[in-house]
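Take a look at the structure below.
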Amino acid sequence: MIGRIWAMAVNTAREAIRSKLLYTLLFFSLAMMLLGSVLSMLSYVERERMVQDFAFASIRLFSVAIAVFIGVGLIHKEVERRTVYTILSKPLSRAEFLIGKYTGLLLIIWLQVAIMASFFAGVSLLMGAPLGFTHLAALALIAVEVAVVVALATLFSSFTTPLLASFFSCGLWFAGHLTRDLRDHGANSSSALVREGTAWMHRILPDLESFNLSIEASHQLSVAASDIWFPALYGAGYVAIILASAAMIFERRDF
Amino acid sequence: MHSACLRKRGWLRMTLLVAAIATTAAAHSQFDTTSRVGLGQLRVPSPDQVRLWSLGFDAAVADYYWLRAIGIVGGETGSIAQHEEVLADLIDVVTEVDPWVDHPYRFAAVWLTRDREMVERGNRLLERGISYHPLDWRNRYHLAFNYFYYLDEQPRAADVLEGAIGLEGAPLYLAPLVARLRSERGGLQVAAAFLVQMVESTEDQYKRAEYLKALDEIQIEERARLLDAARAEYWRRNGRDIERVADLLAGPDPVLQRLPRAQLYLDGFEWILEPETGQIVSSYYRGRYRLHETQTDRARKQRWREKREGVEGEGA
Amino acid sequence: MSASAEIVRVDDLVKDVRPGFGLRKKRVLDGISFRVREREIFGFIGPNGAGKTTTLKVLMGLIRATSGKASILGHDVSETTFRRQIGFLPEQPYFYDYLTGREILRFYAKLSGVSRGCRERRVTQLLELAGLSAEGNTRLRSYSKGMLQRIGIAQALVHDPQVVFLDEPMSGLDPVGRKEVRDIILRLRAEGKTVFMSTHILSDVEMLCDRVAIIVNGRIRYEGAIDEFLHAGEPEADLVFANLPAETATRLEERFEARLRGHGDHIELRIAEKDSSEALRVALDAGADVISATPHRVSLESIFLSTVNEADTEEDSR
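Residue numbers (our numbering), protein chains in the order written: chain Z, 702 to 956; chain A, 59 to 374; chain E, -19 to 298.
Written out as structure tokens, the structure is:
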């Protein structure tokens, strides 16, 4: 099983690495880091920190963008091009196919994050900005967030067109960053429906703010180990749930 | 024939393109394109909204609003005062979204001075800064300054500043400054008691020396106040002011038998009348024990107060 | 024939689809049943849109039947592990065109669980079988249609399956390519494999298949050995003579109920196969020269067309 998933993953990675979109977005992320360095010159204080903030924002923005815009075509393209016919006629379950595709793309996106992170480190060293454990922790959680976003994109890609899938994925990504605040605002509501509604939204939708250590990284605040491991565990669980749902939907599809 | 035709078509396209560019540019120049900042209409969203929509980019979003704040101050050739609300809103957003920022708190303290309301907004920001940077003496210093300088609340200024004493990097003069602030309302006894307590609570020889020096000055000030009382007595008896400090000992009925020392440990210092103010001062200190104010400080404070009274008068 | 020799069993298979978003259902497969036996080449024939590809997709687990049962090698088609023993060539196959021929076969070999040790050997063997040894390191993007079809066959066989399903294996191939594919299919039978091929090219069926099923409008119209199908009546032979005396010809016509065609030097005689030796003897004795003597074959095409027409009139009358 692992062998088959891995074969699928390697092939998906090979395909993703050929995507022009990937390089375009990677280029823009690096360009945005440079732009951030220029912008930070406008400030007369805390320049190094601002360079790092912009670089970090760029990593998050573009890795999520890559995740969504490549992820949404992941399954759909296979079905559209009918490559899925020969693949699924092999002793490979649809779930294995899906997980393989997911893993392959995720590995490539993680590679992108690593490239962007090394650029971040380079810029930081050049600016004489501090690099610390918190940066590493924040990057790791960005990687987890990306894993969740790729899973969402895969889910939507398994039953709808790339256009709709990107709407849905982006929408959920937005919502995922809002639910926490919405719940807190909702908690003050006099309507029980709003209170319960926002609370349930927070429970069900991906709580992507859990993976946000941007402020902590920015100021090198100390982060408790539990603030890294529990979100990571939460993310892994969420990915598992989404992929299982995606597999269930995918199993029922006719090609 | 064919290529000539193509060339002609190429020219036509080129002409159309140039015409389009010209029209676009002309149209663009015909309407007002002043930015919202330029119009003084910049709407700063509430910190809650910004935090909600920062979508995990909190740090960068805070930096963005910080750059806008700097842009207003840096780009403004006229008075900053008309932009102070926007500045306060911007710094509020910056510090709500990323409360661990450092400099923006003091930036607010420096620029939000137009009226009492603005100073109080600045103070609220500084208080937030203190709660996120409790070990930084500078925010406390600025807050104390605002209380003392703009709001005339010396006891509160002293309370705030007392919290800054002993923090890393805090200058040694903070404790004596607190003592001075206390002396303005509570009198010299309160100031002295505070300093004695500081002396007792520190192990640091330099700090101790600094505090003892301040205590010495208080003792001299006590003597100077005695001399002030004697001067008033002299006026009552003779119907005129002294010309020299020695006058207090002169005459058939001298007010004093002798003058106290003008310096506690060193000889060669005497009591003199300070030429500018006419006050009795020790030639060692050449000034009296109180908060120092420069001429410009005084003028500025005066202007600020007048304006404030004007605004309050209008309100009433 | 024992049950274990039935490689593919399809019983009362129904597939409904809803084209578009409408609620209207369309029945693509209307209760089809057939069997494929071990070591045979089974032809699944029918006009376009009859349900051939749908049936194959159900068998490959690509779509789920609305009702009915389908099993291969005794396993329900919804299972996956048994697929190690089957190979599939879809109609007009498409592969990742950024891979080379060798890479794509390696990929499918991995998916099929071919062990690392055998993988390279198998891949090389199959490139050879498909006649693509020279193009093994060329990306599929620059393959011709025929080459893609052959790489498709190679991927279906890369894991040495017992049963091979081919959907329109000859489509888009030139005569040479068709010959090559035919040779591969015959070789598979020689190796003891079972081949299921869907096609509408009847000459291929005639040349290759042992048994056929004819599907029209989602129903099986005929299932059986191709010879039985072609020779439903008594087998006949065509005898062609030169210099056949007229009276002998008349005698043969009367005696053997033969049908006569042609004139003068070239006379063609259709006659029951069992009588052909006797007729030849009579003709030779009369001094005639034999030009040819061949068993008469009814063309599959004519039978196929009449089957389809029959089905259509049946449908119309219902």
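Here a beta-carbon is modelled for each residue, glycine too, at the ideal position from N, C-alpha and C.
Contact with chain A is absent for Z/Ala888, since none of that chain's Cβ atoms lies less than 7 Å from the residue's Cβ.
Distance between E/Thr274 and E/Glu216, taken at the CA atoms: about 9 Å. At least one C-beta of chain Z is nearer than 7 Å to the C-beta of E/Tyr78. Going by C-alpha positions, Z/Leu883 is about 20 Å away from Z/Val849. In this structure, the alpha-carbon of E/His276 lies about 6 Å from that of E/Asp218. Following the DSSP letters along the chain, one finds E/Phe221 inside the beta strand (DSSP E) bounded by residues 216 to 222. The C-beta distance from Z/Gly805 to Z/Ala714 rounds to 4 Å, short enough to meet the 8 Å contact threshold. It is roughly 13 Å from the alpha-carbon of Z/Ser825 to the alpha-carbon of Z/Ala918. Residues of chain E with a Cβ closer than 7 Å to the Cβ of Z/Ile788 are, in chain order, Leu91. Only Leu909, Glu910, Phe912, Asn913, Ser915, Ile916, Ala918, Ser919, His920, Leu922 from the stretch 888 to 922 of chain Z bring a Cβ to less than 8 Å from some Cβ of chain A. In this structure, the beta-carbon distance from A/Ala249 to A/Arg240 falls below 7 Å.
When the five nearest sequence neighbours on each side are left out, the beta carbons in the same chain lying within less than 7 Å of the beta carbon of Z/Leu853 are those of Ser870, Leu873, Ile943, in order along the chain. Taken in chain order, the complete beta strand (DSSP E) segments of 3 or more residues contained in the stretch 122 to 188 of chain E are 143 to 147, 174 to 179. In the DSSP assignment, E/Leu(-7) falls within the beta strand (DSSP E) that extends over -14 to -3.
Residues of the stretch 213 to 230 of chain A with a Cβ closer than 7 Å to any Cβ of chain Z: none. In the assembly as shown, A/Arg316 is an exposed residue. Its beta-carbon has fewer than 16 other beta-carbons within 10 Å. Taking a Cβ-Cβ cut-off of 7 Å, the neighbours of A/Leu110 in chain Z comprise Leu879, Asp882, given in sequence order.
Using a CB distance cut-off of 7 Å, Z/Phe956 counts as an interface residue toward chain E.
The beta carbons of A/Tyr231 and A/Glu279 sit no closer together than 7 Å.
Using a Cβ distance threshold of 7 Å, E/Glu115 and E/Gly81 count as a contacting pair. Taking the Cα of Z/Gln921 as reference, the smallest distance to any Cα among A/Ala117, A/Arg109, A/Arg214 is reached at A/Ala117. Between A/Glu328 and the set A/Leu314, A/Gly336, A/Tyr343, the nearest pair of CA atoms involves A/Tyr343. Runs of alpha helix (DSSP H) with 4 or more residues, each lying fully within the stretch 779 to 833 of chain Z, are found at 784 to 789, 795 to 828, listed in chain order. Burial is judged here by how many other beta carbons sit within 10 angstroms of a residue's own beta carbon; E/Lys90 has at least 16 and is buried.
Residue pairing by DSSP puts E/Leu249 in a beta bridge opposite E/Leu219, E/Leu240. Identification of residues in the stretch 795 to 816 of chain Z having a C-beta nearer than 7 Å to some C-beta of chain E yields an empty set. E/Leu(-7) sits away from E/Ala30, with the two beta carbons spaced by 7 Å or more.
For E/Arg191, the closest alpha carbon among the candidates E/Thr174, E/Gly126, E/Arg199, E/Leu106 is that of E/Thr174. The C-beta distance from Z/Leu840 to Z/Val814 rounds to 7 Å, short enough to meet the 8 Å contact threshold. The alpha carbon of Z/Ser927 has as its nearest neighbour, out of Z/Ser890, Z/Phe755, Z/Ser911, Z/Arg904, the alpha carbon of Z/Ser911.
Nearest to A/Asp150 by alpha-carbon distance, out of A/Trp124, A/Ala320, A/Leu110, is A/Trp124. Taking the C-beta atoms as reference points, E/Ser178 is found nearer than 7 Å to E/Lys32. When the beta-carbon positions are compared, E/Val196 and E/Val288 come within less than 7 Å of each other.
Here Z/Ser741 really is in contact with Z/Met751; their C-beta atoms are around 4 Å apart, less than 8 Å. Interface annotation for the stretch 185 to 198 of chain A against chain Z: empty, criterion Cβ-Cβ distance under 9 Å. Residues of chain E with a Cβ closer than 9 Å to the Cβ of Z/Arg748 do not exist, since the nearest Cβ in that chain sits about 44 Å away.
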